[in-house]
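See structure below.
Number of protein chains: 4
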Amino acid sequence: MAGNSFGTLFKISTFGASHGAGIGVVIDGCPANIQLDIDYIQYQLNRRKPGQSAIVTQRKESDDFKILSGVFEGKTTGTPICLFIENTNHKPRDYEHIKDIYRPSHADFTYQAKYGFRDYRGGGRSSARETAARVAAGAIAQQILIQKGITITAYVSQVGGLKVKDSYQQLDLDQIEKTVVRCPDLQLAPQMIDYIKQVRKQGDTVGGVVDCVIKGCPSGLGEPVFDRLHAELGKAMLSINACKGFQYGSGFDGVDMLGSQHNDPMVAKGGVVRTTSNYSGGIQGGISNGMDIYFKTAFKPVATIMQAQQSVNYQGEAVVVEGRGRHDPCVVPRAVPIVETMAALVILDYWLMAKAYQS
Amino acid sequence: MAGNSFGTLFKISTFGASHGAGIGVVIDGCPANIQLDIDYIQYQLNRRKPGQSAIVTQRKESDDFKILSGVFEGKTTGTPICLFIENTNHKPRDYEHIKDIYRPSHADFTYQAKYGFRDYRGGGRSSARETAARVAAGAIAQQILIQKGITITAYVSQVGGLKVKDSYQQLDLDQIEKTVVRCPDLQLAPQMIDYIKQVRKQGDTVGGVVDCVIKGCPSGLGEPVFDRLHAELGKAMLSINACKGFQYGSGFDGVDMLGSQHNDPMVAKGGVVRTTSNYSGGIQGGISNGMDIYFKTAFKPVATIMQAQQSVNYQGEAVVVEGRGRHDPCVVPRAVPIVETMAALVILDYWLMAKAYQS
Amino acid sequence: MAGNSFGTLFKISTFGASHGAGIGVVIDGCPANIQLDIDYIQYQLNRRKPGQSAIVTQRKESDDFKILSGVFEGKTTGTPICLFIENTNHKPRDYEHIKDIYRPSHADFTYQAKYGFRDYRGGGRSSARETAARVAAGAIAQQILIQKGITITAYVSQVGGLKVKDSYQQLDLDQIEKTVVRCPDLQLAPQMIDYIKQVRKQGDTVGGVVDCVIKGCPSGLGEPVFDRLHAELGKAMLSINACKGFQYGSGFDGVDMLGSQHNDPMVAKGGVVRTTSNYSGGIQGGISNGMDIYFKTAFKPVATIMQAQQSVNYQGEAVVVEGRGRHDPCVVPRAVPIVETMAALVILDYWLMAKAYQS
Amino acid sequence: MAGNSFGTLFKISTFGASHGAGIGVVIDGCPANIQLDIDYIQYQLNRRKPGQSAIVTQRKESDDFKILSGVFEGKTTGTPICLFIENTNHKPRDYEHIKDIYRPSHADFTYQAKYGFRDYRGGGRSSARETAARVAAGAIAQQILIQKGITITAYVSQVGGLKVKDSYQQLDLDQIEKTVVRCPDLQLAPQMIDYIKQVRKQGDTVGGVVDCVIKGCPSGLGEPVFDRLHAELGKAMLSINACKGFQYGSGFDGVDMLGSQHNDPMVAKGGVVRTTSNYSGGIQGGISNGMDIYFKTAFKPVATIMQAQQSVNYQGEAVVVEGRGRHDPCVVPRAVPIVETMAALVILDYWLMAKAYQS
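Protein chains in written order, with this note's numbering: chain X, 1 to 359; chain B, 1001 to 1359; chain G, 2001 to 2359; chain W, 3001 to 3359.
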């Protein structure tokens, strides 16, 4: 297995690290004969890329991608699509000072423990830069889903203690891109932005929550008992850097509800079965029921801070680590397209799976 | 894929439903030459089985298992182990009344939507009875892990609004089995029990939270970037019936912490690197770091309630559904060994994986 | 992986050994809502079972199967189907004499080398008895394929030096079951039978070849570049006990043909593209082209002979091994349904795969 | 699945086609901390590349590769290694004449049937150019195996009707690279070369056989019952373009042997168990026994010939196709490193698998 592939029928494999030639992704199982919308891929990459606004890291990467294979005359051929993004940010930056030091709450120690050797430059493979490759692939999955009437929309619902109170139904999701923090609550968004700026000034970071809603998903997607739709969505989200939690439907709040409150009453109209509430989050028994699928993902504060921290080096000696240069005070604005990406990969994969089995 | 297998090197495949001949599991990849502790398997099955106390369903199933293959002279042969549990609870119980009805928040509708046909007796394959097969397999994984010094301990930390305030370090985990609710907070446990009884009297159900801690896990387990250790743990937990959320380490509470608070300072003693706090939850960059791994899983209230509910039948007509017979007012006491099981399957699988790659 | 599963979308996992409770198979991914023909499953099992004629082993096994799961009211539910065959041949047979001895060209030594421990009774898991479980599953795959107009027919084309000269097109495949050797060349069949009897009298064994032809397979099945249709067929066949070789289309005979002879000219009639010869064996570039798929599988002489042989025991001491009781002088008559089974599993799996991707 | 990955623990995924930017491979699961021998990778690529001698295609490709990821300071990091080979042979060559024509015994028709769309330039993804990516990956696997004392050596044993009579033990395998045909029988090699030249002059092609021997493989590799070592080797070989057959050990010749001749007597010397003959081909019950593993692979004549052939176009009209430019009269000299590659991928993958399970 080895961990760098995701999906069964629509399968992606990413490669590359924050330094070295670049990062890329191979998509195996993309249906043939699909006209690719290149602009949409770039649009999603731009939403993820550093330097896009005042509240994210100021590192500059153009994140332009090349198509190395799988596309002919603008259309997918059904053979593996390789997308590649060069690493252009090659200024002589000094990583020598952290070469043999473990940065707290980074993957430095664990990569060393696992592989016995690591590329210490910018976190190497453990860098969130890897997610750019995912987003490129996810943008292809998303455009295929859109053609099937399935839309996936993520947004920031919490930054630190600042939490959106409205549900996704009460919000106007068209407002997401109105602010750089990607929160559709336009009262709260400016406060979030101010707070992130303040945190940054302190050389600190803060966590947040990204919500996601999937509309138009047909009933019947999901492969119980282990590959339940929400289980795969959960794994997908938890595979994103800094993600610490996942819940769908009522989630942790459903715990202190009674069954009589939580059960979603069913009605039928014109042959279509629906529920009048949706605590189930669009999934019952691990299979989509045709209602909206919605979930939350928790992100911890980014580990790189501009403050002195206690740590150790390879020799087991106590050292003080201090971040240098730029840092990303809050990851959630850039995590929005990544959450959409991982959701799209799951839904398309399961959509193909359902197609295989349906009679 | 088809969804009924879990794991790569230590792989289980379950089969069977609440009715029919029985349920079973095939374990493929169990290391050879291991003396099996049969009693431990039965012990874990007994912790999961119905009828074990006054606060769980009173359905009677003995849950005795047979070994159909893979064990010779009491030891594993390295070939597939099949464990089978007969369905003995065959009293002439009437499922005719729900035959063509979708019970709210059950999988009736989604199974029908997916497969176009379903075994309506007791939920069929979507019944939590399937988890007995998992527990039998998990008990084998657990005993192998124990021999390696890795222990996995789950307990109930919340029932409805009744929530344990102490962390797992502050609790005495030896108290878990002291009460039928499997909550080691012996002040809170009786209140939980009373609350569950009261909920049951109302013909209602309530949710809860199961916490789990894994001790003794070596550093280096996890397969980034997609198969991060916590991502697989999350998927494992979310594959359990009624599970709605998963978080590890600081989880959703880490969201409003600052990086300077959340980062775990590192120290080394005698060549062993440790962190002085553990908001990371024992996993950094998707790889275990040798500290305790801990996580929370949220369970919704069970869907079967003894109250009238609005629903529809196959013909799209409005109907009123009412549960009959016995019901399980709160699933978390019985979920404890299931959470341990799924954790054990992940850890052993990743332990074998790490072994393959290490030099 | 661990080796005991085959297939991706229509996946089987077998368990059990020649001794112990029995053998079984779990099918994960069988389409739902299919009325099962139980008699056909038993028919195929009977074609494989011992004791069916004078030229195969006289061991008695009834090979009746039970359905443990996945079937309700005679139809598949889309959930895992477990089929189980009890081991009934439990006469107090003595395996003590080979307990710590490696029988030449059996798997005794290699199982011991791999697992460090083995069930020495009748070969344990390495016994060809495991293939009965496959045949039960394959009979389900075959009946699904038949409904799609795809038929799979295997027959014996060689026993020792006695080789059918006609191609499958020249033979009347309806004659296969006319003789116990399952060779449709009714001139040669009696000679084969006589030869096998003579070999048996000498306490010896002999090899053979099974040919197989798949008719009605649509074009477009196959997943290049690694999972070419013929590559998976080859693996499937080579996974059968005693199989030493596989070739399709022109096979090894195509080696000394010229391209100008070997290339299959193409014609179109009524929109259907066909080739006028078929050295390609119905597969080009790893994908079926709609023509007949045909291949050959070579089987070595069975290792169990009734003659004294030089070998060693666990202690590394020289010993003389001699077979006792009954033996199977030639495996190919019983291999016929096994070859059909493995072919059916591949074709159905790839058929489902093609369905997932096709637009 | 989608077909473009091979292996479980040491897994490769190839991408790219004969035209477009280039071809590449991602290796996931390469052990960390291995000093790569870049020259060896190039050496193997050179053995495969076109234009290397007078008896292969004269197309010019430099086949230089770039490392896009996974290597730091010359050593593997344990993260995905991407190797990329640019397509440099971009002369304005005209494929317009075959744009809507199916070339006989190519994959033109089947790709069109499967994907509904295809890159017609030079066969696109179905071109044997894809195997260059495999060879680059295989050269890494091979150098890891060499460090473990496992060597893999392939050679040409037959071209058309010209067949080496000696077994690999009787041949001097150091002579393989002495002739451009890679046949160690130095009497026969010049005849093969002459024959290939003559076939080329006629605008025709001819098939051949590549033999391979694996020395130093420890006992215990193989995952019965489906993933037997030889079954995976067979699949690996059959996944190579133009391969029509595979046999190991006695293969098809073992069919008319008696068990008493075919069984390999066992002896033990100094604790090491060996067989005095090796008809088993180093594998018993699907698991290596420590003896040499050897097998044969049959290759058909290449489909591209410089002669007029009858075919059809997309519109179903009869057309005459004639090859243009250069062609490869016999594929086997260039197939030698490809066979070695696929064998190395299997053996290393299974070696890692055995390591995971061994106690």
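Virtual Cβ for every residue (Gly too), placed ideally from N, Cα, C.
Below 8 angstroms between beta carbons is the criterion; list the residues of the stretch 1237 to 1270 of chain B that meet it against any residue of chain G, in chain order.
-> Residues of the stretch 1237 to 1270 of chain B whose Cβ lies closer than 8 angstroms to any Cβ of chain G: none.
When you compare only the Cα positions, how much space is there between residue 215 of chain X and residue 152 of chain X?
-> Computed Cα separation, rounded: 7 angstroms.
Assign residue 1177 of chain B to one of three DSSP states: helix, strand, or coil.
-> The answer is helix: DSSP assigns residue 1177 of chain B an H, G or I state.
Could you name the residues of the stretch 62 to 81 of chain X whose beta carbon sits closer than 9 angstroms to any beta carbon of chain W, in the order they occur along the chain?
-> Here the close residues are 66, 67, 68, 69, 70, 71, 72, 73, 75, 76, 77, 78, 79, 80 and 81.
Which residues, taken in chain order from the stretch 1092 to 1119 of chain B, show a beta carbon closer than 9 angstroms to some beta carbon of chain G?
-> Those would be 1111, 1114, 1115, 1116, 1117, 1118 and 1119, in chain order.
Ranges of the alpha helix (DSSP H) found wholly within the stretch 3187 to 3213 of chain W, counting only runs of at least 4 | Within the stretch 3187 to 3213 of chain W, the complete alpha helix (DSSP H) runs of at least 4 residues are 3188 to 3201.
Would you mind sorting residue 1018 of chain B into buried or exposed? The rule is 16 or more other CB atoms within 10 Å of its CB.
-> For residue 1018 of chain B, the number of other beta carbons within 10 angstroms of its own is at least 16, and it is reported as buried.
Which residues mark the beginning and the end of the alpha helix (DSSP H) in which residue 3259 of chain W is found?
-> Residues 3259 to 3262.
Near-chain G residues of the stretch 3223 to 3238 of chain W - C-beta to any C-beta below 9 angstroms | Taking 9 angstroms as the Cβ-Cβ cut-off against chain G, the residues of the stretch 3223 to 3238 of chain W that qualify are 3223, 3224, 3225, 3226, 3227, 3228, 3230, 3231, 3232, 3233, 3234, 3235, 3236, 3237 and 3238.
Using 8 angstroms as the limit for Cβ to Cβ distance, is residue 2346 of chain G near chain W?
-> Taking 8 angstroms as the CB threshold, residue 2346 of chain G stays off the interface with chain W.
Which class does residue 121 of chain X belong to by DSSP, given the choice of helix, strand or coil?
-> Judged by DSSP in its simplified three-state form, residue 121 of chain X adopts helix.
Contacting positions in the stretch 31 to 57 of chain X - beta carbon closer than 8 angstroms to chain G = Per Cβ criterion, the list reads 31, 32 and 33.
Residues of its chain near residue 13 of chain X, where Cβ-Cβ distance is below 6 angstroms and the 5 sequence neighbours each way are ignored = Within the same chain, residue 13 of chain X has close Cβ partners 4, 5 and 26.
Secondary structure, alpha helix (DSSP H): runs of 4+ residues fully inside the stretch 3090 to 3115 of chain W | Those alpha helix (DSSP H) runs which fall completely within the stretch 3090 to 3115 of chain W and span 4+ residues are 3108 to 3115.
Short CB-CB distance (under 8 angstroms) between residue 3342 of chain W and chain B | For residue 3342 of chain W, not one C-beta of chain B is nearer than 8 angstroms to its own C-beta.
Nearest to residue 327 of chain X by CA position, among X/252, X/164, X/113 and X/303, is which residue?
-> Of the residues X/252, X/164, X/113 and X/303, the one whose Cα lies closest to the Cα of residue 327 of chain X is X/303.
Please confirm whether residue 2209 of chain G and residue 2148 of chain G have their CB atoms less than 8 angstroms apart.
-> Against a cut-off of 8 angstroms, the Cβ pair of residue 2148 of chain G and residue 2209 of chain G comes out as no contact.
Under 8 angstroms, do residue 2015 of chain G and residue 1212 of chain B count as touching if we go by C-beta distance?
-> Result no, Cβ atoms of residue 2015 of chain G and residue 1212 of chain B do not sit closer than 8 angstroms.
Please classify residue 43 of chain X: does DSSP put it in a helix, a strand, or coil?
-> Three-state DSSP puts residue 43 of chain X in a helix.
Residues bridged to residue 2286 of chain G by DSSP?
-> Residue 2286 of chain G has no beta-bridge partner at all, per DSSP.
Cβ-Cβ separation, residue 2023 of chain G to residue 2130 of chain G (assumed contact under 8 angstroms), whole Å | Contact between residue 2130 of chain G and residue 2023 of chain G is confirmed by a C-beta separation of about 6 angstroms, below the 8 angstroms threshold.
Expressed to the nearest angstrom, what Euclidean distance is found between the alpha-carbon atoms of residue 3133 of chain W and residue 3139 of chain W?
-> In this structure, the alpha-carbon of residue 3133 of chain W lies about 10 angstroms from that of residue 3139 of chain W.
Any 3 or more C-beta pairs closer than 8 angstroms across the stretch 29 to 49 of chain X and the stretch 332 to 341 of chain X = Enough Cβ pairs lie closer than 8 angstroms, so yes.
Take residue 179 of chain X and list the residues in its own chain whose beta-carbon comes closer than 6 angstroms to its own, dropping the five residues that flank it on each side.
-> Residues 189 of the same chain have their beta carbon placed closer than 6 angstroms to that of residue 179 of chain X, with the five preceding and five following residues left out of the count.
To the nearest angstrom, report how far apart residue 3266 of chain W and residue 2311 of chain G are at their CA atoms.
-> Looking at the two C-alpha atoms, the distance is approximately 4 angstroms.
What's the call for residue 1244 of chain B, buried or exposed, on a 16-neighbour Cβ count within 10 Å?
-> A residue is called buried when at least 16 other Cβ atoms come within 10 angstroms of its Cβ; residue 1244 of chain B meets this threshold and is buried.
Proximal residues of chain G, C-beta to C-beta of residue 359 of chain X below 8 angstroms = Around residue 359 of chain X, the beta-carbon contacts reaching into chain G at under 8 angstroms are 2031, 2032 and 2033.
Of all Cβ atoms in chain W, is any one closer than 8 angstroms to the Cβ of residue 2019 of chain G?
-> Interface criterion not met: the Cβ of residue 2019 of chain G is under 8 angstroms from no Cβ in chain W.
In chain order, what residues of the stretch 122 to 146 of chain X put their CB closer than 9 angstroms to some CB of chain B?
-> From the stretch 122 to 146 of chain X, only 123, 125, 126, 130, 131 and 134 have a Cβ closer than 9 angstroms to chain B.
Quick one, which residues of the stretch 3167 to 3200 of chain W are near chain B if we go by CB-CB under 9 angstroms, in chain order?
-> Correct list: empty, as no residue qualifies.
What is the DSSP secondary structure of residue 2274 of chain G, reduced to helix, strand or coil?
-> It is a strand residue.
Beta-bridge pairing of residue 1016 of chain B - partner residues as DSSP gives them = Assignment of beta-bridge partners to residue 1016 of chain B by DSSP yields B/1023.
Going by beta carbon distance, what residues of the same chain come within less than 6 angstroms of residue 1232 of chain B, once the five residues before and after it are set aside?
-> 1346.
Distance CB(residue 1141 of chain B)-CB(residue 316 of chain X) smaller than 8 angstroms = No, the Cβ-Cβ distance between residue 1141 of chain B and residue 316 of chain X is not below 8 angstroms.
Straight-line gap, residue 3235 of chain W to residue 2089 of chain G (C-alpha atoms, nearest Å) | CA-to-CA, the gap between residue 3235 of chain W and residue 2089 of chain G works out to about 36 angstroms.
Should the stretch 2198 to 2206 of chain G be regarded as contacting the stretch 2276 to 2287 of chain G, the criterion being three or more beta carbon pairs within less than 8 angstroms?
-> Between the stretch 2198 to 2206 of chain G and the stretch 2276 to 2287 of chain G there are fewer than three C-beta pairs closer than 8 angstroms, too few to call the two in contact.
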